[in-house]
Amino acid sequence: MKKERGNVMKNMKNLLLLLVFSLVTVCPAFAGQKQNASKPGGIIVDVTEVSGEVTDVDQEKKTVTVKGPEGNAVTLNAKNAQNLDKVKVGDMVNAKFIESLAIFVRKAGSSPSAEQAQAVALAPKGEMPAGVVAQTTQITANVEAIDYKNRTVTLKGPEGGVRTIKVGNNVKKLNEVKVGDQVVLRITEALALDVTKP
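So the sequence shown is numbered by this note's numbering: it starts at 3 and just counts up by one.
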């Protein structure tokens with residue numbers, strides 16, 4: 003059983019990485035964009051893993067209640083889950099959440115925008131429930147004003163909203179950013195879930 007769980011988790015992790023990679027590299031909305039090495043930018047990635055025990059399964063309402071490692075219980079909506087009939091009290095739910103944020107500055111090439119792409123994969127019918135959901139959102143804003151002395155940048159977003167943000171001292175090359183440049187934020191979130199027998 004442990005070997006089977008290991009294979010399922012390995013396959014789900016590989017699928018998760020493939021989905022995240024494909025969303026970031028293949029989506030037409032994000033294709034062909036290069037980070038300018040002379041401009042400030044960076045990537046932050048956070049990975050959270052948690053497991054919990056199934057304490058209740060409501061087949062009619064399609065919900066599963068899971069007790070976490072610290073004793074907190076959460077009821078999950080499982081309306082899209084295939085194979086919910088295979089989930090029993092005492093089973094383990096394993097979750098891995100990956101969130102990444104990439105930010106870079108580029109010369110203006112288009113209007114500010116907000117775009118999104120999503121991918122979903124579920125375990126085949128008859129298997130223990132498992133799945134991966136990945137979503138990438140990209141937001142582009144125009145640099146409207148810069149105060150180099152006070153380290154603030156004023157950005158105009160895709161819906162016309164204007165916001166002034168403080169730029170931390172750890173951000174190098176702020177002097178390379180000019181009015182008219184664009185700031186691009188690419189947020190990728192991915193969740194992999196699987197249910198295993200204890």
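Glycine is no exception: its CB is placed at the ideal position from the N, C-alpha and C atoms.
At which residue ranges does the stretch 149-173 contain complete alpha helix (DSSP H) runs of 4 or more residues, listed in the order of the chain?
-> none
Under the three-state reduction of DSSP, which class applies to D60: helix, strand or coil?
-> Position 58 of the sequence shown, counted from the start, is the residue given in the question as residue 60. In this structure, D60 counts as strand in the three-state DSSP scheme.
Tell me, please, which residues DSSP counts as bridged to D183.
-> Numbered from its first residue, the sequence shown carries residue 183 at position 181. Its beta-bridge partners do not exist; DSSP assigns none.
Pair every Cβ in the stretch 47-66 with every Cβ in the stretch 177-186, then say whether three or more of these pairs are closer than 8 Å.
-> no
For the beta strand (DSSP E) holding L78, just list the boundary residues, first then last.
-> Along the sequence shown, one-based indexing puts residue 78 at 76. 75-79 is the span of the beta strand (DSSP E), which, as asked, contains L78.
Nearest to T57 (by Cα), restricted to the options V47, L78, I46 | As a working mapping, residue 57 is identified with position 55 in the sequence shown. Per the Cα distances, L78.
Go ahead and label A194 buried or exposed: buried means 16 or more other beta carbons lie within 10 angstroms of its beta carbon, across all protein chains shown.
-> As a first step, residue 194 is located in the sequence shown; it is residue number 192 there, counting from the start. Residue burial annotation: A194 is buried, with at least 16 other C-beta atoms found within 10 angstroms of its C-beta.
Nearest residue (CA-CA) to G159, options K64, A123, V186, A143 | Counting from 1 along the sequence shown, the entry for residue 159 is found at position 157. Checking every option, the nearest Cα to that of G159 belongs to A143.
In angstroms with no decimal places, state the Cα-to-Cα distance between V68 and R165.
-> Against the sequence shown, residue 68 aligns to sequence position 66. Against the sequence shown, residue 165 aligns to sequence position 163. When rounded, the distance between both Cα atoms is 40 Å.
Leaving out the 5 sequence neighbours to the left and right, which residues in its chain are closer than 7 Å to P114 when beta-carbon positions are compared?
-> Here residue 114 corresponds to residue number 112 of the sequence shown, with the count starting at 1. So the qualifying residues of the chain are T142, A143, N144, K158, G159, P160.
Using three-state DSSP, classify K175 as helix, strand or coil.
-> Residue numbering aside, residue 175 sits at position 173 when the sequence shown is read from its first letter. Correct three-state label for K175: coil.
So what does S53 bridge to, in DSSP terms?
-> For the purposes of this step, residue 53 is taken as the residue at position 51 of the sequence shown. S53 pairs with N96.
In terms of alpha-carbon separation, which member of V59, E178, E101, P71 lies closest to T138?
-> Numbered from 1 along the sequence shown, position 136 holds the residue referred to as residue 138. Just measuring C-alpha positions, the residue of V59, E178, E101, P71 sitting nearest T138 is E101.
Whose C-alpha, out of Y150, G162, V186, E129, is nearest the C-alpha of K174?
-> Walking along the sequence shown from the start, residue 174 turns up at place 172. The residue with the shortest Cα to Cα distance from K174 is Y150.
Cα-Cα, which of N85, K81, V155, V47 is closest to V107?
-> Along the sequence shown, one-based indexing puts residue 107 at 105. Considering only alpha carbons, the answer is V155.
Can you tell me the Cα-Cα spacing of V122 and G170, whole angstroms?
-> Translated into the one-based positions of the sequence shown, residue 122 becomes position 120. Translated into the one-based positions of the sequence shown, residue 170 becomes position 168. One C-alpha to the other measures close to 36 Å.
Taking only beta-carbon atoms, is A97 less than 8 Å away from chain C?
-> Reference to chain C is not applicable here, since this structure consists of a single protein chain.
Check whether the Cβ atoms of V134 and A192 lie closer than 8 Å to each other.
-> Here the question's residue 134 lines up with position 132 in the sequence shown. Here the question's residue 192 lines up with position 190 in the sequence shown. In contact: V134 and A192 (Cβ atoms closer than 8 Å).
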